[in-house]
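*Asks:*
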Amino acid sequence: MLVLGAGVQGLSTGVVLAESGCRVRIRTAEHPQETTSAVAGAIWGPTSLHPVERARRWAARTHAVFLDLAAHPETGVHSTLGTVASRTGFPESPPGSLGLLDGVRPCGAGELPSGFAVGLRATVPLVDMPRYLEYLTNRFLEAGGELVLGPVSGLAEAAEESPLVVNCTGVAARELVGDPGVRPVSGHHVVVDNPGIEEYFVELGDTGEWASYMPHGQRLVLGGTAVEHDWSRTPDSRAAEGILRRCGAIQPLLHDVRIRGTIVGLRPTSDAVRLHTEHFAGARVVHNYGHGGSGVMVSWGCAQEVAELVLAEAR
Ligand SMILES: Cc1cc2nc3c(=O)[nH]c(=O)nc-3n(C[C@H](O)[C@H](O)[C@H](O)COP(=O)(O)OP(=O)(O)OC[C@H]3O[C@@H](n4cnc5c(N)ncnc54)[C@H](O)[C@@H]3O)c2cc1C
């Protein structure tokens with residue numbers, strides 16, 4: 001079978017299918033380290049993904065896998081304590097998927113930065129994406145999978161290559177399958193040398209700019225921005241300066257850090273995740289795209305559901 005895409009969705013799906021005994025080829029337009037997935041922070045955190053109940057199930061399944069992976073630091077997954085906070089209040093408390101966790105507690109006096117109204121302390125999985133994508137790639141290859149660098153020109157070419165296609169092309173699905181409901185929401189991260197921060201911090205809000213930082217050993221990922229309908233992956237110095245200013249206002253250790261670089265990704269955003277089967281040009285196509293800003297934290301749940309669809313119909 002043919003999987004399109006080698007971001008976190010394509011690779012996780014490839015791993016689940018290959019480890020189930022399927023012969024899987026992944027075709028990707030970019031090296032995994034060049035994808036939007038490589039840009040993510042990435043936290044298993046609050047999500048507003050739809051459909052809500054399915055997204056919660058995917059998040060819960062992914063959480064369980066991440067807890068296992070966190071026992072093996074070489075995977076890039078690690079359980080970390082930190083703070084999720086808001087200047088105005090949470091829409092629901094605890095927000096989104098944090099309600100699935102035990103041990104979440106409100107911030108005590110002195111635990112919130114100035115200007116914040118509410119906050120929660122929670123231990124959640126963080127994922128060092130460059131390392132994690134390398135781990136997934138190796139795991140896929142070790143399970144017998146084949147990874148081919150080279151895009152398909154359209155679904156017709158994919159259907160000609162294989163009677164079973166899994167479409168994990170992120171925001172590129174907009175053009176590939178003609179789905180105008182999927183749009184890019186660009187996001188910047190500034191990557192710096194970690195000055196000794198061990199906890200994460202995430203500001204929740206509904207503006208397109210906020211403060212967040214996620215430690216991955218010597219590497220610290222600072223965010224964040226969100227610009228609707230923006231296709232540019234070229235780093236913007238004003239966006240980077242804003243991130244450094246907002247994070248520095250919360251964490252004094254960030255006032256003078258060595259900057260490694262600024263990276264930009266395109267969140268594949270839609271009103272609801274597209275995970276379903278269709279028939280196209282004689283092939284069965286299972287779509288799995290449109291995960292917005294939460295594609296990492298639902299990745300194993302989605303991959304497992306794709307595999308269930310594929311394997312159930314194959315029997
Ligand atoms: C700044 C930022 C921060 C984020 N933080 C988080 C976070 O903390 N937690 C979280 O869960 N999520 C986070 N996300 C969201 C997450 O990164 C995405 O939801 C996720 O990476 C989407 O994965 P994907 O595999 O669907 O898409 P992508 O990573 O975009 O991969 C798409 C793949 O499809 C391939 N492709 C495209 N066209 C073709 C074609 N024609 N033929 C073959 N292959 C093709 C591409 O080359 C690529 O390999 C963040 C995103 C950004 C930008």
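1 is the number of the first residue of the sequence shown in full-length UniProt numbering; add one for each residue after it.
All C-beta atoms, glycine included, are put in the ideal place defined by N, C-alpha and C.
Helix or strand or just coil, what does DSSP make of E146?
*Replies:* Position 146 of the sequence shown, counting from 1, holds the residue named residue 146. E146 falls in the strand class under three-state DSSP.
*Asks:* Is it buried or exposed for I250, if we count other Cβ within 10 angstroms and need 16 for buried?
*Replies:* For the purposes of this step, residue 250 is taken as the residue at position 250 of the sequence shown. It counts as buried.
*Asks:* Would you mind working out which of S232, T234, G208 sits nearest G223, comparing C-alpha positions?
*Replies:* Taking the first residue of the sequence shown as position 1, residue 223 is located at position 223. For the residues S232, T234, G208, the minimum Cα distance to G223 belongs to G208.
*Asks:* Name the two residues that bound the continuous alpha helix (DSSP H) containing R174.
*Replies:* Sequence index remark: in the sequence shown, residue 174 carries index 174 (1-based). Note, R174: alpha helix (DSSP H), 173 to 176.
*Asks:* Let me know the secondary structure DSSP gives P125 once reduced to three states.
*Replies:* In the sequence shown, the residue the question calls residue 125 occupies position 125. Residue state, collapsed to three classes: strand.
*Asks:* Considering only their Cβ atoms, is the gap separating R27 from A172 smaller than 9 Å?
*Replies:* For the purposes of this step, residue 172 is identified with residue 172 of the sequence shown, where counting begins at 1. For the purposes of this step, residue 27 is identified with residue 27 of the sequence shown, where counting begins at 1. In this structure, R27 does not lie closer than 9 Å to A172 by Cβ.
*Asks:* Closest by CA to A117, which one among R87, G110, P106?
*Replies:* On the sequence shown, position 117 is the one that residue 117 refers to. Of R87, G110, P106, the residue nearest in Cα terms is R87.
*Asks:* I think residue 323 touches V177, with their Cβ atoms under 8 Å apart; what is that distance to the nearest whole Å?
*Replies:* Only positions 1 to 315 of the chain appear in this structure, which leaves residue 323 out of reach.
*Asks:* Given 8 Å as the limit, tell me if R267 has its C-beta closer than that to any heavy atom belonging to ligand 1.
*Replies:* Sequence index remark: in the sequence shown, residue 267 carries index 267 (1-based). Yes, since a heavy atom of ligand 1 falls inside the 8 Å radius drawn around the Cβ of R267.
*Asks:* Less than 9 Å between the beta carbons of T277 and H291, yes or no?
*Replies:* By one-based count along the sequence shown, residue 277 stands at place 277. By one-based count along the sequence shown, residue 291 stands at place 291. The answer is no: Cβ separation not under 9 Å.
*Asks:* I want to know whether the stretch 136 to 144 touches the stretch 233 to 246 - three or more CB-CB distances under 8 Å.
*Replies:* In short, these stretches do not touch, since the Cβ pair count stays below three.
*Asks:* Rounded to whole angstroms, what's the CA-CA distance from R284 to G89? Just pull it up for me.
*Replies:* Translated into the one-based positions of the sequence shown, residue 284 becomes position 284. Translated into the one-based positions of the sequence shown, residue 89 becomes position 89. When rounded, the distance between both Cα atoms is 45 Å.
*Asks:* Can you tell me whether D68 sits near ligand 3, meaning its C-beta is under 8 Å from at least one heavy atom of the ligand?
*Replies:* With respect to small molecules bound, the structure shown includes ligand 1 and not ligand 3.
*Asks:* Would you say the beta carbon of W58 is closer than 8 Å to some non-hydrogen atom of ligand 1?
*Replies:* On the sequence shown, position 58 is the one that residue 58 refers to. No; taking the cut-off as 8 Å, the Cβ of W58 has no heavy atom of ligand 1 nearer than that.
*Asks:* Does the Cβ-Cβ distance between G5 and Y289 come in under 9 Å?
*Replies:* Walking along the sequence shown from the start, residue 5 turns up at place 5. Walking along the sequence shown from the start, residue 289 turns up at place 289. Contact flag set, yes.
*Asks:* Pull the bridge partners of V264 from the DSSP assignment, please.
*Replies:* Taking the sequence shown and counting its residues from 1, the one referred to as residue 264 is at position 264. H188, per the DSSP bridge assignment.
*Asks:* Taking 8 Å as the cut-off, does the CB of Y306 come closer than this to any heavy atom belonging to ligand 1?
*Replies:* Here residue 306 corresponds to residue number 306 of the sequence shown, with the count starting at 1. First, the amino acid is wrong: residue 306 is Val here, not Tyr. Checking every heavy atom of ligand 1 against the Cβ of V306, none is found closer than 8 Å.
*Asks:* What does the alpha-carbon distance come out to for the pair G76 and F280?
*Replies:* Position 76 of the sequence shown, counted from the start, is the residue given in the question as residue 76. Position 280 of the sequence shown, counted from the start, is the residue given in the question as residue 280. Near 37 Å, if we compare the C-alpha coordinates of F280 and G76.
*Asks:* Ligand 1 and T75: does the residue's C-beta get closer than 8 Å to at least one heavy atom of that ligand?
*Replies:* For the purposes of this step, residue 75 is taken as residue 75 along the sequence shown, with counting starting at 1. No, the Cβ of T75 stays beyond 8 Å of every heavy atom of ligand 1.
*Asks:* Considering only residues of the stretch 222 to 299, which uninterrupted beta strand (DSSP E) runs meet the minimum length of 3 residues and lie entirely inside it, listed in chain order?
*Replies:* Counting only runs of 3 or more, we get 259 to 269, 274 to 280, 283 to 289.
*Asks:* To the nearest angstrom, report how far apart V298 and I43 are at their CA atoms.
*Replies:* Taking the first residue of the sequence shown as 1, we reach residue 298 at position 298. Taking the first residue of the sequence shown as 1, we reach residue 43 at position 43. Their backbone Cα atoms lie some 11 Å apart in a straight line.
*Asks:* In the structure shown, what three-state DSSP assignment does D68 receive?
*Replies:* For the purposes of this step, residue 68 is taken as the residue at position 68 of the sequence shown. In the structure shown, D68 sits in a helix (DSSP, three-state: H, G or I).
*Asks:* For T269 and T225, I'd like the C-alpha separation in whole angstroms.
*Replies:* To locate residue 269, count along the sequence shown from 1; it is residue 269. To locate residue 225, count along the sequence shown from 1; it is residue 225. Roughly 14 Å separates the two Cα atoms.
*Asks:* Taking the runs of the alpha helix (DSSP H) that are 4 residues or longer, which of them lie wholly in the stretch 28 to 69?
*Replies:* 52 to 69
*Asks:* Count the other C-beta atoms from every protein chain shown that fall within 10 angstroms of the C-beta of S37, then say buried if there are 16 or more, exposed otherwise.
*Replies:* If you number the sequence shown from 1, residue 37 lands on position 37. With 16 or more other Cβ atoms within 10 Å, it is buried.
*Asks:* Confirm the yes/no value for this check: CB of E34, any heavy atom of ligand 1, distance under 8 Å.
*Replies:* Mapped onto the sequence shown, residue 34 falls at position 34. Within the cutoff, so yes.
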